[in-house]
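What follows is a short report on a single structure.
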Amino acid sequence: MRGVRILCVAGVAAMAWLITGCPMRAGVGVAAYGPPPDCPYGYYNYAPYDCAPYGYYGPEWFTNGVFIGVGPWYHGPRHFWGHVNNTYDRHHGYNGPAPHRGEQRDQAHRVDRIENFHGNETRDGRGHVKGPGRD
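Oh and the sequence shown: position 80 is 80 in the working numbering, straight run, nothing missing.
Structure below.
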């Protein structure tokens, strides 16, 4: 009987916390995530938001050399779709080199004109993907 009483008290306390103390999640902005990752060629759009290697994002993902962001830090145009080369995505088996947070951009790697870029997927910065078989 004592166990049921403790369970009831815990349930009432949880309900009171949910009603009065639980912050609403609707409209949570960038502040909930902190600053965007400091990556020279952009970062993947999934946690832990590791830095993406040069050639993953196409040049349209950069404005004046600055990455427009993805996920909670996306600040591009409303109807934006840009190309990515998902062969450089760890979710697609890429295990090659990638820059670390805070690393400086190699001046030989231009982001406004990426030589031999081969995008095979289109993304919108908010987690939506178009590509072969996904249109």
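We put the CB at the ideal spot given by N, CA and C, even for glycine.
task: Indicate whether the contact test is met: 3 or more Cβ pairs, each with one atom in the stretch 88-104 and one in the stretch 68-78, closer than 8 Å.
output: Per the Cβ contact rule, the stretch 88-104 is not in contact with the stretch 68-78 (fewer than 3 Cβ pairs under 8 Å).
message: Along the chain, where does the beta strand (DSSP E) containing VAL70 start, and where does it finish?
response: Here residue 70 refers to the residue found at position 70 of the sequence shown. DSSP places VAL70 in no beta strand (DSSP E); its state is neither H nor E.
query: Under the DSSP definition of a beta bridge, which residues are partnered with PHE62?
result: For the purposes of this step, residue 62 is identified with residue 62 of the sequence shown, where counting begins at 1. Assignment of beta-bridge partners to PHE62 by DSSP yields PHE67.
query: If you run the structure through DSSP and keep just helix, strand and coil, what is ARG105?
result: Numbered from its first residue, the sequence shown carries residue 105 at position 105. Note: ARG105 maps to coil in three-state DSSP.
task: Along the beta strand (DSSP E) that carries HIS83, what are the first and last residues, could you check?
output: Mapped onto the sequence shown, residue 83 falls at position 83. Note, HIS83: beta strand (DSSP E), 82-84.
query: When you compare only the Cα positions, how much space is there between PRO35 and TRP73?
result: To locate residue 35, count along the sequence shown from 1; it is residue 35. To locate residue 73, count along the sequence shown from 1; it is residue 73. Their Cα atoms are separated by approximately 8 Å.
field: Residues that ARG123 bridges to, as DSSP identifies them
entry: The sequence position of residue 123 within the sequence shown is 123, counting from 1. Answer is GLY82 and VAL129, bridged to ARG123.
- request: Please confirm whether VAL84 and ARG123 have their CB atoms less than 8 Å apart.
  value: As a position in the sequence shown, residue 84 is number 84, starting the count at 1. As a position in the sequence shown, residue 123 is number 123, starting the count at 1. Yes. Within cutoff.
field: Beta carbon of TYR88 nearer than 8 Å to that of GLY55
entry: To locate residue 88, count along the sequence shown from 1; it is residue 88. To locate residue 55, count along the sequence shown from 1; it is residue 55. Cβ distance < 8 Å, so TYR88 and GLY55 count as in contact.
- prompt: If you drop the 5 nearest sequence neighbours on each side, which residues of the same chain put their C-beta closer than 6 Å to that of HIS118?
  reply: Reading the sequence shown from its first residue, position 118 is the one you call residue 118. Listed in chain order, the non-local C-beta contacts of HIS118 below 6 Å within the same chain comprise ASN85, local neighbours out to five positions each way being set aside.
task: Give the single residue among ASN120, TYR94 and PRO37 whose Cα lies nearest to the Cα of GLY69.
output: Within the sequence shown, numbered from 1, the residue matching residue 69 stands at position 69. Of the listed residues, the one whose Cα sits closest to GLY69 is PRO37.
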